[in-house]
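Below: the structure, in structure tokens.
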Amino acid sequence: MSAVTVEAVRAIVAAVPDPELPVLTIDDLGVLREVRVDDDGHVEVDITPTYSGCPAMDAIRADVERRLGDVGMADVVVRLVLAPAWSTDEISESGRRKLLHFGIAPPTGRAAVGGPVALTLAVRCPQCGSSDTRELSRFGSTACKALWACNACQEPFDAVKVL
Amino acid sequence: MIGSKPAELSPSGQAITWSDSDKSVAVGAYALRLGDDALVLAHRMAEWIASAPELEEDVALANIGLDLLGQARMLLTYAGEVDGTGRSEDDLAYFRDEREFVNCQLVELPNGDFAVTMARMLVFAAYQYELYDRLCSSSDETLAAVAAKAVKEVAYHRDHATRWVLRLGDGTAESQQRMQAALDVVWPYVSELFEGNELVHGLVGGGIAVDPAELRDPTTDYLTTVIEQATLTVPDTSVWHTGGRRGIHTEALGYLLAEMQHLARTHPGAPW
Ligand SMILES: [Zn+2]
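Written as structure tokens, this is what we have:
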């Protein structure tokens, strides 16, 4: 086997989809942190949970190991890192566009710097684009989403909560 | 109570120096105290699944329980690593008996009606918010990282409970009466949250733990503001229950543990 490069490993791992938001990769989501490869070809991949109780982490770990295993990399350790704490600010621009295209409102506003109080701006309907929307429930189908509805087109939709 | 002088302080008021192994054991015990609170309340939240007053609330309580369970897993995992015993999160959750649990009594109280659940969530999230907000600056990197994640989640829990207490308190005569009754149920368990012990005070000196006494004023201020805004009254309590940190619990915890631990003890090592 030829020498394994960090770039090659990262390219493979970056394509792993998030199990709960499969339209996004773990790279789009900011769940993929660092990839390291040492001289012996030993691979370490750091991932970070979105929420403390995120049940997707075990599935992501298994997917990372499987995809690398498929190309012959078996000496792989997937580490769960907590710091710095994940924030919706880490969702990439392309990730935000994919969410919108999929019918999920991307997080609006930024997590407040140095404090936990998030600023939520008006949430735009991903179906019709209206900003005349209302929050139905702050807790949605997964830990990272809230349930909203549009007053213009009457459609309910998921919105990623600012964290 | 919190007025007594912590034993770990030398006459000069300086924290005494612990050996590294003593310190590790103490950090483990502190992580266990935080983790047990989160674990027991996570179980109470899970009990609401499929029984909440509306579907959205079912989802909310399940998500809040999941956040707490995630915090508990990180804290129990760390407790078993740092204290040198090598116990896993499952060992700690499923194979300790009631007297070995060091959660506060507030979190083990039965859910009661929805108002009691919300009163308890309001109190506990307000306390946990102030705690984690300060623990983010802990000199212990793991505790600081867990806190930095958790404080953002707890902000949502506190907000959720606040909205319900306002809605029910400043609602109909029936909802107001039941919300007040719920506050009366949980209030005698509030003071325990702010109690320290020798172990915690020793860690406070080292910049690792947060002094629970320091949380009393900001937590109480938040609760008082919400309660008054909800046209309710801060209960006038003269008897304060305590003992959870020493393993003294109410009758309710035994039943909770019997349910939570049954499967793991019947089929040791069973994965899924
Ligand atoms: Zn719309």
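Protein chains in written order, with the working numbering: chain A, 6 to 168; chain B, 133 to 404.
C-beta: ideal position from N, C-alpha, C; glycine also.
Every value quoted in this text rests on a predicted model; they were computed, and no experiment measured them.
Query                                                                                                                                                            : Result
Which chain B residues are close to Ala-143(A), counting only those with a beta carbon under 8 Å from its beta carbon?                                           : Correcting the residue identity first, residue 143(A) is Arg in this sequence and not Ala. Residues of chain B passing the Cβ test: Ala-192, Tyr-288, Asp-291, His-292.
Any beta carbon from chain B within less than 8 Å of Gly-35(A)'s own beta carbon?                                                                                : no
Is the CB of Ser-136(A) under 8 Å away from at least one CB in chain B?                                                                                          : no
Establish whether the CB of Leu-105(A) and some CB of chain B are separated by less than 8 Å.                                                                    : no
So is Cys-155(A) in contact with chain B if we call contact Cβ pairs under 8 Å?                                                                                  : no
Along chain A, which residues have their Cβ under 9 Å away from the Cβ of Arg-277(B)?                                                                            : Reading off the sequence shown, one finds Ala at residue 277(B), where the question assumed Arg. Simply Val-86, Leu-87, Ala-88, Pro-89, Ala-90.
What did DSSP end up calling Asp-154(B) once you bin it into helix, strand or coil?                                                                              : helix
Listed by chain order, which residues have C-beta atoms less than 6 Å from any heavy atom of ligand 1?                                                           : Cys-130(A), Gln-132(A), Cys-133(A), Ser-135(A), Cys-155(A), Ala-157(A), Cys-158(A), Glu-160(A)
Among Ile-359(B), Leu-207(B), Ala-192(B), which one has its Cα closest to the Cα of Ala-282(B)?                                                                  : Leu-207(B)
At a cut of 8 Å, does the segment 248 to 267 of chain B reach the segment 313 to 325 of chain B through at least three beta carbon pairs?                        : yes
Going by DSSP, which residues form a beta bridge with Ile-109(A)?                                                                                                : Asp-163(A)
Going along the chain, which residues of the segment 193 to 218 of chain B sit with their C-beta nearer than 9 Å to a C-beta in chain A?                         : Leu-193, Ala-194, Asn-195, Ile-196, Gly-197, Leu-198, Asp-199, Leu-200, Leu-201, Gly-202, Gln-203, Ala-204, Arg-205, Met-206
Give the residues of chain B in contact with Lys-168(A), contact being defined as C-beta atoms less than 7 Å apart.                                              : Reading off the sequence shown, one finds Leu at residue 168(A), where the question assumed Lys. Those within 7 Å of Leu-168(A) in chain B are Lys-284.
Report all residues from its chain with a CB closer than 7 Å to the CB of Gly-386(B); omit the five preceding and five following residues, and keep chain order. : Glu-230
Distance check for Val-159(B) and Leu-187(B), CA to CA, integer angstroms please.                                                                                : 40 Å
According to DSSP, which residues form a beta bridge with Asp-51(A)?                                                                                             : Arg-84(A)
Output yes if chain A places a C-beta closer than 8 Å to the C-beta of Glu-346(B); else output no.                                                               : no
When the Cα atoms are used, what is the spatial distance from Met-311(B) to Thr-363(B)?                                                                          : 10 Å
So, using beta-carbon positions, are Val-21(A) and Val-40(A) closer together than 8 Å?                                                                           : no
For the beta strand (DSSP E) containing Val-42(A), name the first residue and the last one.                                                                      : 37 to 42
Are the CB atoms of Ile-196(B) and Ser-271(B) within a distance shorter than 8 Å?                                                                                : no
At a Cβ threshold of 8 Å, is Ala-148(A) touching chain B?                                                                                                        : yes
For a quick check, are the C-beta atoms of Trp-180(B) and Asn-243(B) less than 8 Å apart?                                                                        : yes
Measure from the C-beta of Pro-121(A) to each C-beta in chain B and report whether the shortest distance is under 8 Å.                                           : For Pro-121(A), the pLDDT reaches just 48, beneath the cut-off of 50, and the residue's location in the model is therefore unreliable, although a value from the coordinates is still provided. Cβ-Cβ to chain B under 8 Å: yes for Pro-121(A).
Glu-188(B) versus chain A: which residues are under 8 Å apart at the beta carbon?                                                                                : Leu-141, Ser-142, Phe-144, Leu-152
With DSSP as the reference, label Ala-211(B) as helix, strand or coil.                                                                                           : helix
When you measure from the CB of Thr-352(B) to every non-hydrogen atom of ligand 3, does any distance come out below 7 Å?                                         : Within the structure as shown, ligand 3 is missing, the only ligands being ligand 1.
Which residues in the same chain have their Cβ closer than 7 Å to the Cβ of Gly-100(A), if we skip the five residues on either side of it in sequence?           : Leu-29, Asp-33, Leu-34
Could you list which residues in chain A have their beta carbon closer than 8 Å to that of Glu-273(B), in chain order?                                           : Ala-88
Thinking just about the alpha-carbon of each residue, which of Val-11(A), Asp-45(A), Pro-54(A), Glu-49(A) is nearest to the one in Pro-24(A)?                    : Pro-54(A)
Would you say Ala-184(B) lies against chain D (beta-carbon separation less than 8 Å)?                                                                            : Protein chains in the displayed structure are A and B, and chain D is not among them.
If you follow the beta strand (DSSP E) that Trp-296(B) is part of, which residue opens it and which one closes it?                                               : Counting along the chain, Trp-296(B) falls outside any beta strand (DSSP E), though it belongs to the alpha helix (DSSP H) covering 273 to 301.
From the DSSP output, read off the bridge partner residues of Thr-138(A).                                                                                        : Cys-155(A)
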